[in-house]
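These notes concern the structure reproduced below.
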Amino acid sequence: MKLFKIFFLLAVILNSFTISFAEKNDQLTIKISKNLRCVICQGQSIYDSQSEFAVSMKLLIKKKIEEGLSEKEIYEFLIDKYGEWIVYDTGFNRNTFILWALPVLLFFLGGAIILKKLVFRKV
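The structure is reproduced here in structure tokens:
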């Protein structure tokens, strides 16, 4: 009877780790699928879409997570396969440099124009 209690306790502990691991994987799958654009629906994320492509991508993401790939590795795999367009948040790299730098440049240009108008205006 004592041996049964020990096995039962170990089973409960192991089950709690398994549930925690599964929840973590599901949260990562959701996070990644919300950041990927559906190729079929184009206006929706994979998370929101119910197209066959989106469903297969969710399964692919889940499979890659179970294989032990990190979030970054999954993104790299998908970008290699579908191009950078598939990712909503492309991040900062040399291809997107102008997209990130343009708002800052416009801000400083606007500030310089306003400063010039205020400081050097004719009385």
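Mapping of the sequence shown onto the working numbering: position 80 corresponds to residue 80, and the numbering continues sequentially without gaps.
Just so you know, even glycine gets a beta-carbon here, dropped at the ideal spot from N, CA and C.
All values derive from a computational prediction rather than experimental measurement.
- Contact between the region 102-112 and the region 55-72 is absent: fewer than three C-beta pairs spanning the two stretches fall below 8 Å.
- Within the same chain, and ignoring the five residues on either side of Lys72 in sequence, no residue has its Cβ closer than 8 Å to its Cβ.
- Under the three-state reduction of DSSP output, Ser49 falls in the coil class, being neither helix nor strand.
- Pairing Ser51 with Phe4, the inter-Cα distance amounts to about 48 Å.
- Here DSSP, grouped into helix, strand and coil, assigns Val87 to strand.
- Around Leu102, the same chain offers no residue with a beta carbon nearer than 8 Å, after the five sequence neighbours per side are excluded.
- In terms of CA proximity to Tyr82, Met57 leads the group Ile65, Phe92 and Met57.
- Judged by beta-carbon spacing, Trp100 lies within the 8 Å limit of Phe92, meaning their Cβ atoms are closer than that value.
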